[in-house]
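Last residue of the sequence shown: 509 (full-length UniProt numbering), numbering continuous. From the three backbone atoms N, C-alpha and C, an ideal C-beta is built for every residue, glycine too. What follows is one structure encoded as structure tokens, with my remarks underneath.
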Amino acid sequence: MSASSSPNPKFTQLLDRLTEINDIKAAISLLYWDQATYMPPGGAQARGRQMATLRRLAHEKFTDPVLGQLLEDLRTEAANLPYPSLEASLIRVTRRDYDRAVRVPSTLMAQISQHQSAAYNAWAKAREAESFAIVQPYLQTTLELSQEYADCFPGYEHIADPLIDQQDEGMTVGTVRSLFEPLRQQLVPMVEAITACTPLNDSYLYQNFSPKEQLKFSLGVIHCLGYDLKRGRQDKTLHPFMTKFSIDDVRITTRVYEHHLEQALFSTIHEAGHALYEQGINSELEGTPLAGGASSGLHESQARLWENMIGRSRGFWEWFYPRLQGVFMRQLGQVTTQQFYQAINKVTPSLIRTDADEVTYNLHIMIRFDLELAMLEGKLAISDLPEAWNERYRKDLGVIPTTDVEGVLQDVHWYIGLIGGMFQSYTLGNLIAAQIYDTVVHFDPEIPFEIERGSVKRLLEWLQQNIYQHGRKFTTQELIEQVTGSSLTIDPFLHYIRHKYEYLYQCKL
């Protein structure tokens, strides 16, 4: 976005300040990417200090009263411009971010940042030792910092509301529950019905697969999906993620298991979905607060759309499976496309969220969401978290973790962020993905047939035109209504699940 796009010199000053803040945040992201990929363990303490310093500087610069005055001076100009214009959108979104940021002291932001780096390092050690006790005191501090952060926003109905709004603007505990409760009521009997059926065979996925060849094939897949490798790269990490330093430098990470083919393949497609969103943002928004996803839920919707609705579809593998067979002929040469399609969509109540199928996945999220609320409300002590976690898994999914790694240590989220406001985005993403894809197919019924021929060009162009290019110009609620014609609902997701799994399991759901 060029400074010359507005004749108002105050707008130019605003742009200059925001670009400088964006550059600091990009440096923070780069340090985190390095910490999660190549940094030697001994660098953890210094890295925490470095990231805390940069976060404090970015926060102080963004909450500078001078920037607030610029926004106030530009308020009238924004009101007279078309709502979706770049200038009006930048002023509106920055004002919203500023009003939230000035409530949080820079010292608290620095404290949170430094603690997160230490907590991440402790989490990595705890996983290696399979011991929650190692990270328990760090998580206790995280809880206290989360509560202190929430208290910067007095007037909330629930202590988790400010944390949820930070990730999914406009959402609250109440609105999330209004979606989760009826969804759970529908999913539980579906899981029971499917597990009563003859299990699908997924043994083909548990053979010896060269990690090098897995990564090479996965990278080739996402290149075909449109991930621009001239503006991105892929590396290995403990917990896959996507990060962006600019629209032209969007990186993903993955993990690979030698004896489980799904891990590298679908985590790569998932993170590439996030990256496609970021690479598709209009270049005019570069360096501004508009150059990002509208919300965590919308971002997750794109990852889940590409991973599941496309990547786990029969049509997708009509094209890609012969190529996968060519790489792993000894393992898959006698496995048909239909058998492979069934294997990658097998429904099994499991312990690990990232291994979960589409039907049970959201139950994993609801467990975490409920535990977060209980911790924030003071109803669940950190010391009791592993036991509470295990009991919920026994009750909801009929499985019990045998180690902390299978249980409370499996997700990195509470150890790199605050408690609350993160996990709901995954289920919101599943719901949004289904509603968007349902709209896409109604708009262009040829898209599924094009996917069978190995091309996603029309789908990607539609998403770029209707969602990606806008960045944060519109809220998630605005985009959903613009694109689908209605507010968020659970119905398209439930229709998608029923249609797909009634076919796979030959049973009525």
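**Message:** Please identify the residue among Asp444, Gln116, Thr427 whose C-alpha is closest to the C-alpha of Thr360.
**Reply:** Out of Asp444, Gln116, Thr427, Thr427 has the C-alpha closest to the C-alpha of Thr360.
**Item:** Minimum C-alpha distance to Ala356 - residue among Lys379, Pro386, Glu406
**Value:** The shortest C-alpha separation from Ala356 is found at Glu406.
**Residue interval of the beta strand (DSSP E) (run including Ser267)** = Per DSSP, Ser267 lies in no beta strand (DSSP E); the unbroken alpha helix (DSSP H) holding it starts and ends at 261-279.
**Asked** In its own chain, which residues sit with a C-beta less than 7 angstroms from the C-beta of Phe11, not counting the 5 before and 5 after it?
**Response** Scanning its chain for C-beta atoms nearer than 7 angstroms, with the 5 sequence neighbours on each side dropped, one finds around Phe11 the residues Leu74, Glu87, in chain order.
**Span of the beta strand (DSSP E) around Thr253** = Counting along the chain, the beta strand (DSSP E) containing Thr253 begins and ends at 249-254.
**Request:** Could you tell me which of Arg314, Met329, Arg330 sits nearest to Gln339, measuring between CA atoms?
**Result:** Considering only alpha carbons, the answer is Arg314.
**Three-state class that DSSP yields for Ser425 in the structure shown** = Here Ser425 sits in helix by DSSP.
**Item:** Beta bridge counterpart(s) of Ser246 as assigned by DSSP
**Value:** Partner(s): Asp249.
**Message:** I need the DSSP call for Asp235, collapsed to helix, strand or coil.
**Reply:** Three-state result, Asp235: strand.
**Prompt:** Leaving out the 5 sequence neighbours to the left and right, which residues in its chain are closer than 6 angstroms to Thr243 when beta-carbon positions are compared?
**Reply:** Once the five neighbours on either side are set aside, the close Cβ partners of Thr243 are Ser29, Trp33, Arg251.
**Prompt:** Any contact of the stretch 399-413 with the stretch 452-467, i.e. 3+ C-beta pairs under 8 angstroms?
**Reply:** Verdict: no, contact absent.
**Request:** Please state whether DSSP places Tyr437 in a helix, a strand or coil.
**Result:** Note: Tyr437 maps to helix in three-state DSSP.
**Message:** If you measure between the beta carbons of Leu200 and Lys346, is that distance less than 8 angstroms?
**Reply:** Contact flag set, yes.
**Request:** Quick one: measure Cβ to Cβ for Ile447 and Ser301, integer angstroms, because I've assumed they're closer than 8 angstroms.
**Result:** Separation of the CB atoms of Ile447 and Ser301 is rounded to 17 angstroms, and the pair is thereby denied contact status at 8 angstroms.
**Asked** So, do the stretch 47-59 and the stretch 102-119 have three or more beta carbon pairs nearer to each other than 8 angstroms?
**Response** Yes, the stretch 47-59 is in contact with the stretch 102-119.
**Request:** Please go through the same chain and pick out, in chain order, the residues whose beta-carbon is closer than 8 angstroms to the beta-carbon of Arg392, but skip the five residues on each side of it.
**Result:** The residues are Ile367, Asp370, Leu371.
**Request:** Would you check if the distance between the CB atom of Leu418 and the CB atom of Thr142 is smaller than 8 angstroms?
**Result:** Taking 8 angstroms as the Cβ cut-off, Leu418 and Thr142 qualify as a contacting pair.
**Prompt:** Three-state secondary structure (DSSP) at Ser4?
**Reply:** With a pLDDT of 44 at Ser4, under the threshold of 50, the modelled position of this residue cannot be trusted, and the question is left open.
**Prompt:** Near Leu145, which residues of its chain fall below 6 angstroms by C-beta distance, leaving aside the five closest residues on each side in sequence?
**Reply:** Sequence-distant partners of Leu145 (beyond 5 residues in either direction) whose C-beta falls short of 6 angstroms from its own C-beta, in its chain, are Ile112.
**Item:** With 16 other Cβ atoms within 10 Å as the buried cut-off, status of Lys25
**Value:** Around the beta carbon of Lys25, 16 or more other beta carbons lie within 10 angstroms, which makes this residue buried.
**Prompt:** Since Gly421 and Gln167 are thought to touch, with beta carbons under 8 angstroms apart, how far apart are those beta carbons, to the nearest angstrom?
**Reply:** Contact between Gly421 and Gln167 is confirmed by a C-beta separation of about 5 angstroms, below the 8 angstroms threshold.
**Request:** Please report how far the alpha carbon of Lys216 lies from the alpha carbon of Thr253, in whole angstroms.
**Result:** Computed Cα separation, rounded: 13 angstroms.
**Prompt:** Is the number of C-beta pairs between the stretch 305-320 and the stretch 177-188 that are closer than 8 angstroms three or more?
**Reply:** Three or more beta-carbon pairs separated by less than 8 angstroms are not found between the stretch 305-320 and the stretch 177-188, which leaves the two stretches without contact.
**Message:** Please give the ranges of any alpha helix (DSSP H) in the stretch 126-164, keeping only runs that are unbroken, at least 4 residues long and fully inside the region.
**Reply:** Qualifying alpha helix (DSSP H) stretches, in chain order: 136-150.
**Request:** Pair every Cβ in the stretch 86-106 with every Cβ in the stretch 150-170, then say whether three or more of these pairs are closer than 8 angstroms.
**Result:** By the criterion of at least three beta-carbon pairs nearer than 8 angstroms, the stretch 86-106 is in contact with the stretch 150-170.
**In DSSP terms, what Tyr361 is bridged to** = Under DSSP, Tyr361 forms no beta bridge with any residue.
**Prompt:** Apart from the five residues just before and just after Ile281, which ones in its own chain have a Cβ nearer than 7 angstroms to its Cβ?
**Reply:** So the qualifying residues of the chain are Ile247, Ala291, Tyr468, Gln469, Gly471.
**Prompt:** When you compare only the Cα positions, how much space is there between Thr19 and Leu90?
**Reply:** Between the C-alpha atoms of Thr19 and Leu90 there is a straight-line separation of about 12 angstroms.
**Prompt:** Hey, quick one: how far does the alpha helix (DSSP H) through Asp404 stretch, first residue to last?
**Reply:** Where Asp404 is concerned, there is no enclosing alpha helix (DSSP H), given that its DSSP letter is neither H nor E.
**Leu488 vs Gln435 beta-carbon contact at 8 angstroms** = A contact, by the Cβ cut-off of 8 angstroms.
**Prompt:** Is the stretch 154-163 touching the stretch 126-136, taking contact as three or more C-beta pairs under 8 angstroms?
**Reply:** They do not touch, by the three-pair rule.
**Asked** Can you tell me the Cα-Cα spacing of Cys507 and Leu351, whole angstroms?
**Response** Spanning the alpha carbons of Cys507 and Leu351 requires a straight line of approximately 25 angstroms.
**Prompt:** Can you tell me whether DSSP reads Tyr120 as helix, strand or coil?
**Reply:** Tyr120 falls in the helix class under three-state DSSP.
**Prompt:** So, Glu213 versus Val327, is the Cβ gap smaller than 8 angstroms?
**Reply:** At the C-beta level, Glu213 and Val327 come within 8 angstroms of one another.
**Item:** Sub-8 angstroms separation of Val412 and His239 beta-carbons
**Value:** For Val412 and His239, yes; Cβs fall inside 8 angstroms.
**Request:** Quick one: grab the DSSP three-state call for Tyr83.
**Result:** Note: Tyr83 maps to coil in three-state DSSP.
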